[in-house]
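Asker: Before we start, here is the structure in question, set down as structure tokens.
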Amino acid sequence: MDLFNHLALGFGVALTPINLLYALVGSLVGTLIGVLPGIGPVATIAMLLPTTYALQPVSALIMLAGIYYGAQYGGSTTSILLNMPGETSSAVTCLDGHQMALKGQAGAALATAALGSFFAGCVATVFVATVAIPLSELALKFGPAEYCSLMILGLIGAVVLAHGSLLKAIAMIVLGLLLGIVGTDVNSGTARFAFGVPELIDGLGIVSVAMGLFGFAEIVTNLESTEKREIIKGKVGGLWITREQFKKAWPASLRGTGVGSILGLLPGGGAMLASFASYALEKKVSKHPGEFGKGAIQGVAGPESANNAGAQTSFIPLLTLGIPENAVMALMVGAMTIHNIQPGPQVMTSNPGLFWGLVTSMWIGNLMLVVLNLPLIGMWIKLLKVPYRVLYPAILLFCAIGVYSINNTSFDVLQTAVFGFLGVLFVKLECEPAPLLLGFVLGPMMEENLRRAMLLSRGDPMTFLTRPLSAAMLGAAALLLVLIVLPNLRKKREEVFEEGES
Amino acid sequence: MSLIRHPKDFYSGLIFIGFGIAAIVIGSNYALGTAARMGPGYFPRILGILLIVLGAALSLRALRLQGSPVPAWKWWPTLIVLGSVILFGIIVNSVGLVFSTIILIVLSSAASHEFRYKEALISGVLLAALAVAVFVIGLKLQLPIWPGSS
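First to last, the sequence lines map onto chains A and B. Every position in the first sequence, counted from 1, becomes a number in the working numbering once 862 is added. Every position in the second sequence, counted from 1, becomes a number in the working numbering once 85 is added.
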């Protein structure tokens, strides 16, 4: 069977000492920032992107991927012990995880989260490996018109499933597309929106945009609030779960893995959506929904499995179609471009070692996490005692060094600060920054494919509707928009998110 | 009852309109081309129009919908955080990583309402050592450590 050959090739790459090291570094850094509230995987990956220039492309991607799924492990620790999400994707874990901790079952909750995540990680790795080949074969049949429509479908899907106002999110995408095309136009050589600034001729940097909008804006917003954190007093309890707890937890974990794997595939999906949806599902299928919010172990097992599965399967659209579906994947596009790899279906054929190495490294990373994480929990708890007033200047420092080192210019730092300011403004106005980042990455690709499609059709825009695949995708995008405007579904969507927030 | 019932949407709408107008005005310098052979100005023009339409829809809708006010902006954290980072970017090449790190840490710590001068200074010195070890020695980034060593 082909699958085994591919996985064998992947393990061959991922098990080299250097790649094992980077998987370990990525997973640990991911757990670290997952544990720490106030810095998420987007800002961290942006921060570390510049340091991967010197690495082999596969090592760089292995490390950055590790940060994303590592953060899913770490996030649960903070949710359970602090009743404060270390990551947004662990927000629902607070509800029951912290209640368990208050009952002296923190250890059981932590163990459930870790084991559930590991199980989900294993399943998701196999899932990625099986779905990737057929999807990329499909994508190879795409022409420019299909690509254009696919991007539109992806972007619309991303905002439909995201949180908040639809109109604002679409406007944020368009703004992102616009920012994405700043710089030299490849076809004519015209420098667009560069204002005569030499640094802008190469376009805005994705690191600056992401770090400003996500990293700096988050720090500023945190500093404005004067909320105090309190860590759980009392004992964590043994890191072991009873037979009875296990019986309750495993079906939830199984369902969570399923929900997460599917939702991770969808545009706009990924870890956060998966965990919210899984919690809602667990509550629905439970015979005693009243237990939820009072320390039901299913409320930890389900979402924690789901977010890890979702984090991993969200790599599928990126690796097979070249379309990032959330902000983290947008940064992965940036990382691949740095190493001159054009994300898309051709990666698997032209660079199979990279593709399968990355996929298998996820499984290895998960194994490392479950082995290392439980014993390291004591250390993470100590880390949580470091006050934010000491922590955030350090985060700022790493951001500043990271962004400065891209080109060794102060201009990049300035540019990041401008996006930081914009980011704070967007937080005040409740405009989600993730769609903007997606648009930013897709801007040049979309323009290029639009141009080619229109050139092939001699300027007839009907080409998007007469080609069946393209028409189907545009139809799906239109359907999504109609569905979400219908009041009924809109209410459902809000309910799913409110579950997590209440 | 004020005219603007949903201030967050209203002002976001204005911002989008602003970007849209800027895209069209600045973009008018670039050749438009035809639908079949798009020039560098074609795509930005489409995006600009879209932004204006979406922004206008948001702002107009805000006159009808009800929404909470825009939260107050405490300028101090924004100013200090972004300012200290910009300063770091400007001085790091001339005064070196060690001093610019200490300056960044102490200055940015002042954005917190729990600012403690001594603690920030100690943290700055420790982080400077860490930064040199990780970035200059470990990752071999081209950053001067001391003033004038570049």
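Heads up, the beta-carbon is just placed ideally off N, CA and C, and yes, glycines get one too.
Between Asp1064 (chain A) and chain B, is any beta-carbon pair separated by less than 8 Å?
Answerer: Judged by the 8 Å Cβ criterion, Asp1064 (chain A) is not in contact with chain B.
Asker: Between the Cα of Pro1129 (chain A) and those of A:Ser1167, A:Lys1145, A:Ala1173, spot the shortest distance and give me the residue it belongs to.
Answerer: Residue A:Ala1173 is the option with its Cα nearest to Pro1129 (chain A).
Asker: Check whether the Cβ of Pro129 (chain B) lies closer than 8 Å to any Cβ atom in chain A.
Answerer: By this cut-off, Pro129 (chain B) is an interface position.
Asker: Within 8 Å of any Cβ in chain A, is that where the Cβ of Gln151 (chain B) sits?
Answerer: Output row for Gln151 (chain B): interface = no.
Asker: In this structure, how does DSSP classify Thr1046 (chain A) when only helix, strand and coil are distinguished?
Answerer: Residue state, collapsed to three classes: strand.
Asker: Below 7 Å CB to CB, which residues in the same chain sit around Ile1018 (chain A) once its five sequence neighbours on both sides are set aside?
Answerer: For Ile1018 (chain A), where only same-chain residues beyond five positions count, the Cβ hits under 7 Å are Ala1339, Leu1342, Leu1343.
Asker: Given a cut-off of 8 Å on the beta-carbon distance, is the pair Thr163 (chain B) and Val1209 (chain A) in contact?
Answerer: Cβ distance not < 8 Å, so Thr163 (chain B) and Val1209 (chain A) don't count as in contact.
Asker: Between the stretch 1100 to 1109 of chain A and the stretch 887 to 905 of chain A, do at least 3 Cβ pairs fall closer than 8 Å?
Answerer: Because the criterion of three Cβ pairs below 8 Å is not met, the stretch 1100 to 1109 of chain A and the stretch 887 to 905 of chain A do not touch.
Asker: Do three or more CB pairs link the stretch 1162 to 1169 of chain A to the stretch 1133 to 1148 of chain A at distances below 8 Å?
Answerer: Output reads yes: the stretch 1133 to 1148 of chain A touches the stretch 1162 to 1169 of chain A.
Asker: Check whether the Cβ of Val170 (chain B) lies closer than 8 Å to any Cβ atom in chain A.
Answerer: For Val170 (chain B), the answer is yes, since a Cβ of chain A falls inside 8 Å of its Cβ.
Asker: Give the list of continuous alpha helix (DSSP H) stretches no shorter than 4 residues that lie fully inside the stretch 1317 to 1342 of chain A.
Answerer: List check, alpha helix (DSSP H) in window: 1325 to 1328.
Asker: Interface residues of chain A around Gly174 (chain B) at Cβ under 9 Å?
Answerer: Chain A residues near Gly174 (chain B): Ala1262, Val1265, Tyr1266, Thr1271, Ser1272, Phe1273, Asp1274, Val1275, Leu1276, Thr1278, Ala1279.
Asker: List the DSSP bridge partners of Met123 (chain B).
Answerer: DSSP lists B:Gly118 as partners of Met123 (chain B).
Asker: Decide if Thr992 (chain A) is buried, meaning its Cβ has at least 16 other Cβ atoms within 10 Å, or exposed.
Answerer: Exposed, because fewer than 16 other Cβ atoms sit within 10 Å of the Cβ of Thr992 (chain A).
Asker: Can you tell which of A:Thr1104, A:Thr939, A:Val1048, A:Ala1197 has the C-alpha that lies nearest to the C-alpha of Met909 (chain A)?
Answerer: Nearest of A:Thr1104, A:Thr939, A:Val1048, A:Ala1197 to Met909 (chain A), Cα basis: A:Ala1197.
Asker: Using a Cβ-Cβ distance under 8 Å, would Ile1043 (chain A) count as near chain B?
Answerer: Yes, contact with chain B.
Asker: Taking the alpha-carbon positions, what's the Leu99 (chain B) to Val1036 (chain A) distance?
Answerer: Looking at the two C-alpha atoms, the distance is approximately 15 Å.
Asker: Out of A:Thr893, A:Glu1309, A:Val1162, A:Val1059, which has the shortest C-alpha to C-alpha gap to Val1048 (chain A)?
Answerer: Closest option to Val1048 (chain A), Cα to Cα, is A:Glu1309.
Asker: Less than 7 Å between C-beta atoms, sequence neighbours within five positions excluded: which residues of the same chain meet that for Trp1225 (chain A)?
Answerer: Same-chain partners within the cutoff: Gly983, Cys984, Thr987.
Asker: Assign Arg1054 (chain A) to one of three DSSP states: helix, strand, or coil.
Answerer: The answer is strand: DSSP assigns Arg1054 (chain A) an E or B state.
Asker: For the alpha helix (DSSP H) that Asn1169 (chain A) lies in, which residues bound it at each end?
Answerer: Residues 1160 to 1175.
Asker: Would Arg1105 (chain A) pass as an interface residue toward chain B - the criterion being a Cβ-Cβ separation below 8 Å?
Answerer: Answer no: the Cβ-Cβ gap between Arg1105 (chain A) and chain B never drops below 8 Å.
Asker: Below 8 Å, can you find three or more Cβ-Cβ pairs linking the stretch 198 to 210 of chain B to the stretch 1289 to 1304 of chain A?
Answerer: Short answer: they don't touch.
Asker: Can you tell me the Cα-Cα spacing of Pro1323 (chain A) and Met1316 (chain A), whole angstroms?
Answerer: Rounded to whole angstroms, Pro1323 (chain A) to Met1316 (chain A) spans 7 Å at the Cα level.
Asker: Could you check if Thr1371 (chain A) is buried or exposed, using at least 16 other CB atoms within 10 Å of its CB as the buried criterion?
Answerer: Examination of residue 1371 (chain A) is not possible in this model, given that chain A is present from 863 through 1364 alone.
Asker: Leaving out the 5 sequence neighbours to the left and right, which residues in its chain are closer than 8 Å to Leu192 (chain B) when beta-carbon positions are compared?
Answerer: If we look at Leu192 (chain B) and ignore the five residues flanking it on each side, its Cβ neighbours are Ile165, Gly168, Ser169, Leu172.
Asker: Using a Cβ distance threshold of 8 Å, determine whether the stretch 1107 to 1116 of chain A contacts the stretch 940 to 954 of chain A, with at least three qualifying pairs required.
Answerer: No: the two stretches stay apart, fewer than three of their Cβ pairs being nearer than 8 Å.
Asker: Between the stretch 1276 to 1295 of chain A and the stretch 153 to 160 of chain B, can you find at least three pairs of beta-carbon atoms closer than 8 Å?
Answerer: Judged by Cβ distances under 8 Å, the stretch 153 to 160 of chain B makes contact with the stretch 1276 to 1295 of chain A, as three or more pairs qualify.
Asker: Return no unless some Cβ of chain A is closer than 8 Å to the Cβ of Ala142 (chain B).
Answerer: So yes, Ala142 (chain B) belongs to the interface.
Asker: Please indicate yes or no: does the CB of Ile1178 (chain A) lie closer than 7 Å to some heavy atom of the ligand ZN?
Answerer: The model on display carries no ligand, and the ligand ZN is accordingly not part of it.
Asker: Since Val1036 (chain A) meets chain E, which of its residues come closer than 7 Å, beta carbon to beta carbon?
Answerer: The question asks about chain E, but that chain is absent: this structure's protein chains are A and B.
Asker: So, do the stretch 1239 to 1246 of chain A and the stretch 1209 to 1221 of chain A have three or more beta carbon pairs nearer to each other than 8 Å?
Answerer: Taking 8 Å as the limit for Cβ pairs, the verdict is that the stretch 1209 to 1221 of chain A does not touch the stretch 1239 to 1246 of chain A.
Asker: Would Thr1175 (chain A) and Val990 (chain A) qualify as a contact pair, given that the criterion is a beta-carbon distance under 8 Å?
Answerer: Yes; because the gap between Cβ atoms is below 8 Å, this pair is in contact.
Asker: Under 8 Å Cβ to Cβ from Ile880 (chain A), same chain only, skipping five residues before and after it: list those, please.
Answerer: If we look at Ile880 (chain A) and ignore the five residues flanking it on each side, its Cβ neighbours are Gln918, Ser921.
Asker: Could you spell out where the alpha helix (DSSP H) holding Asn178 (chain B) opens and where it closes?
Answerer: Where Asn178 (chain B) is concerned, the enclosing alpha helix (DSSP H) stretches over 160 to 194.
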